[in-house]
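When we follow this note's numbering, the leftmost residue of the sequence shown carries the number 466, and every step to the right adds one.
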Amino acid sequence: MENCIFCKIANGEIPSNTLYEDDDFRVILDIEPATKGHALILPKKHFANLYEIDDERASKVLLVAKQMATKMQKALNCDGLNVVQNNGVAAGQTVFHFHMHLVPRYEQDDAGLDMPNKKAADYDLKEVAAQIIG
Ligand code: AMP
Ligand code: ZN
Numbered sequence: 466m467e468n469c470i471f472c473k474i475a476n477g478e479i480p481s482n483t484l485y486e487d488d489d490f491r492v493i494l495d496i497e498p499a500t501k502g503h504a505l506i507l508p509k510k511h512f513a514n515l516y517e518i519d520d521e522r523a524s525k526v527l528l529v530a531k532q533m534a535t536k537m538q539k540a541l542n543c544d545g546l547n548v549v550q551n552n553g554v555a556a557g558q559t560v561f562h563f564h565m566h567l568v569p570r571y572e573q574d575d576a577g578l579d580m581p582n583k584k585a586a587d588y589d590l591k592e593v594a595a596q597i598i599g
């Protein structure tokens, strides 16, 4: 992908604050962090989103997330940590190269990644399950 900024960062053509790198992934600090230590896991190969990433990297990415989250929690002494991965504009995706956010959370921070639950859905949950299962 010629004009993909995350392809360029992941492959080292554009410098970044790199926290970790292996053959498949680079982990960098987000340039506009929601909280101190906000990091992004980028595959070196281009995939637009979760629907497209290959199975091998899809399974590896959670291992990288686990290792990084553990290291970050110890180093930053954060009180919590969100793992966030957006797919599509409606979900807040702005860079269309798969990435996983690791967002350290601190008591009283203002990051606010809220997804408020509704007390009752105005559709039947059994029907939704049937629709998804097919
Ligand atoms: P998303 O909204 O899930 O697509 O997230 C894109 C993220 O990439 C945002 O948190 C941006 O701050 C971050 N971002 C965009 N450009 C850069 C860059 N050049 N280096 C590091 N992070 C970036
Ligand atoms: Zn890319």
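Note that the Cβ used here is the ideal one computed from N, Cα and C, for glycine as well.
Approximately 5 Å separates the beta-carbon atoms of L546 and P569; this is inside 8 Å, confirming the contact. Excluding five sequence positions before and after H564, the CB atoms of its chain that fall closer than 7 Å to its own CB belong to F471, L505, I506 and L507, given in chain order.
For ligand 1, a non-hydrogen atom lies closer than 7 Å to the CB of D495. For A530, the CB contacts under 7 Å within the same chain, skipping 5 residues up- and downstream, are I506, V548, M565 and L567 in chain order. Distance from D489 to K509 at the Cβ level is roughly 6 Å; contact confirmed, criterion being Cβ atoms closer than 8 Å.
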